[in-house]
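Numbering (the UniProt record's numbering), first residue to last: 1 to 153.
Glycine included, every Cβ here is placed at the ideal spot set by N, Cα and C.
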Amino acid sequence: MRFLYLQRLSFGGQVAKRSFGVDPYRSARFNSFKLEGFLKLIYRRLSNVTIEHLDWFDFIKRYDLPTTLFYLDPPYWGVEDCYGKDLFKREDYQKMSTLLAQLKGKFVLSLNDVPEIRTTFSQFKRKEVNTSYTCGSKYPIPAKELIISNCDF
């Protein structure tokens, strides 16, 4: 119950930073009366899902098949420690690029559009996307991201 409460009320799922928000003009995002229905939906949706607790490298190695499609959303360049110190290091981008170049399956990767990312993943197809960041900000912040892949867009 505590986990669900924290996840529903935090920004971007980051509960460690106490990034809670309130809006005096809207009802709360957590309604205990809706919890039973919410849990039933989760149960149905995850009934045939395997949940792993693996490092991204080990996960890809274990599940890489010609029929696999991986979606990767690593920490963005410049904010690698945002999800925990040393969980993802700068050198991991190159490690990821090298591993993805040997992949049997397909992948889609999203990252911020910075020169270092363009260089590191230059051997793959890329698509520029305009977006905006809203997490932890009162107003949307315009941004550019790259969708990187080994398959056609």
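- Spell out the partners DSSP gives tyrosine 71 in its beta bridges. Answer is Val108.
- Query: Is it right to say residue 208 is buried, meaning 16 or more other beta carbons lie within 10 angstroms of its own, or is it exposed?
  - Reply: Beyond the ends of the chain as shown, which are 1 and 153, falls residue 208; an answer cannot be given.
- Item | Sequence-distant residues of its chain with Cβ nearer than 7 Å to tyrosine 83 (five each side left out) | Pro75
- Touch check for the segment 126-143 and the segment 79-97: three-plus C-beta pairs under 8 Å? no
- Between the C-alpha atoms of isoleucine 60 and phenylalanine 70, what's the straight-line distance to the nearest angstrom? 8 Å
- Message: Measuring only from the beta carbon, is leucine 146 closer than 7 Å to any heavy atom that is part of the ligand ADP?
- Response: Of ligands this structure carries none, so the ligand ADP is not represented either.
- Mind reading off the beta-carbon distance from isoleucine 117 to tryptophan 56? Whole number of angstroms is fine, and I expect it under 8 Å. Not confirmed; about 16 Å, so no contact.
- Distance, methionine 96 Cα to lysine 106 Cα: 14 Å
- Item | Extent of the continuous alpha helix (DSSP H) to which glutamate 36 belongs | 35-46
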